[in-house]
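Contents: one structure, followed by commentary.
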Ligand SMILES: [Fe+2]
């Protein structure tokens, strides 16, 4: 598969799983107008044929050096796919926060409130002190290793996975849902390494109730959203990970939360995408953070 075709497949998968019902695959997507600016080919010849792809959740210079060493050791690797963005993708992460706004609107948040919070997070992310996000690109360029990141398209796959998983389960107790999530292979593998899913429970909650799945949109949500979600009738938030301010805001809003694990959830999305690549004949080499589980073979 050509390097560019892997990228296009990633964007297409993102669109197919996009929570925005008005996203039109044909109109919205062209390489000139990438709908997910946090995902792009960082470096590498677009026409290069890729047979062996190294896939990691994070990317930094040490991962590029690891790959270079593996190549020296005789392992065939033609390119690196990272989930988390780097370089221009990371500088542009504010451009995907609009997905969070759409998700809030779908949950019933008033348009003026959603827009106000969206603009606040967008501005904060844009003004955030900019670090040197280009080091992985520099390293990959110097070593001649193609590098790409696919962030929001993969998070959209994760969002869709959990929407399907929880469908028609409103009446179940949060503890029962937790047991089910613990059985997801990626969550099981993460748990074995000490990174297990957990719940924060509103003591008054009898079941998971009306839930809000929060797996896409680039960055941590603003603390203010939790009170508003509670006001619209949401009982439980389902996410991968939250910062401590978010967790305090969730608790203070008397919401329950199901926290499924960052690396486990990102692995679910990457695995579903890697299964698609394997069908095209690509060999996947698991890198840092990826709990590889092949759904192709089991179904
Ligand atoms: Fe992530």
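Residue numbers (this note's numbering): 41 to 339.
We put the beta carbon where it would ideally sit given N, CA and C, even for glycine.
Predicted model only: the values in this text are computed from it and were never measured.
- If only uninterrupted beta strand (DSSP E) runs of at least 3 residues are considered, those enclosed by the segment 71 to 153 are 80 to 83, 92 to 96 and 119 to 122.
- No residue range can be given for residue 300, since it is assigned to no alpha helix (DSSP H) and is classified by DSSP as neither H nor E.
- Within the same chain, 253, 255 and 278 come within 7 Å of residue 202 by CB-CB distance, once the 5 residues on both sides are set aside.
- Judged by their CB atoms, residue 283 and residue 260 are nearer to each other than the 8 Å cut-off.
- Residue side-chain check: residue 306 places its Cβ nearer than 7 Å to a non-hydrogen atom of ligand 1.
- Collapsing the DSSP output to three states places residue 41 in coil.
- Exclusion of the five residues before and after residue 297 leaves 239, 240, 276, 277, 278, 279, 282, 287 and 290 as the residues of its chain whose Cβ lies within less than 8 Å of its Cβ.
- Pairing residue 114 with residue 107, the inter-Cα distance amounts to about 11 Å.
- The beta carbon of residue 103 is closer than 8 Å to those of 96, 120, 122, 176, 327 and 328 in its chain, skipping five residues each way along the sequence.
- Between the alpha carbons of residue 321 and residue 174 lies a distance of about 31 Å.
- Between residue 133 and residue 165 the beta-carbon gap is near 6 Å, inside 8 Å, which marks them as a contact.
- Between residue 55 and residue 77, the C-beta gap is not smaller than 8 Å, which leaves the two residues out of contact.
- Residue pairing by DSSP places residue 333 opposite no residue, since no beta bridge is assigned to it.
- For residue 229, same chain residues with a beta-carbon under 6 Å away, outside a window of 5 residues either side, are 331 in chain order.
- Taking C-alpha positions only, residue 143 is separated from residue 112 by approximately 45 Å.
- Within a 10 Å sphere around the beta-carbon of residue 135 sit 16 or more other beta-carbons, which makes this residue buried.
- Assignment of beta-bridge partners to residue 279 by DSSP yields 254 and 299.
- The closest CA to that of residue 299, considering only 235, 267 and 197, is found on 235.
- Taking 8 Å as the cut-off, the Cβ atoms of residue 124 and residue 227 do not count as close.
- Close CB contacts of residue 302 within its chain, under the 6 Å cut and outside five residues either way in sequence, are with 280 and 281 (chain order).
- Straight across, the Cα-Cα distance linking residue 317 with residue 309 is about 13 Å.
- Of 237, 152, 207 and 221, the smallest CA-CA separation from residue 250 is found for 207.
- Of the residues assessed, residue 118 falls on the buried side of the cut-off, its CB having 16 or more other CB atoms within 10 angstroms.
- Beta bridge pairing from DSSP links residue 323 with 92.
- Across the structure, residue 52 and residue 87 are spaced so that their CA atoms are roughly 18 Å apart.
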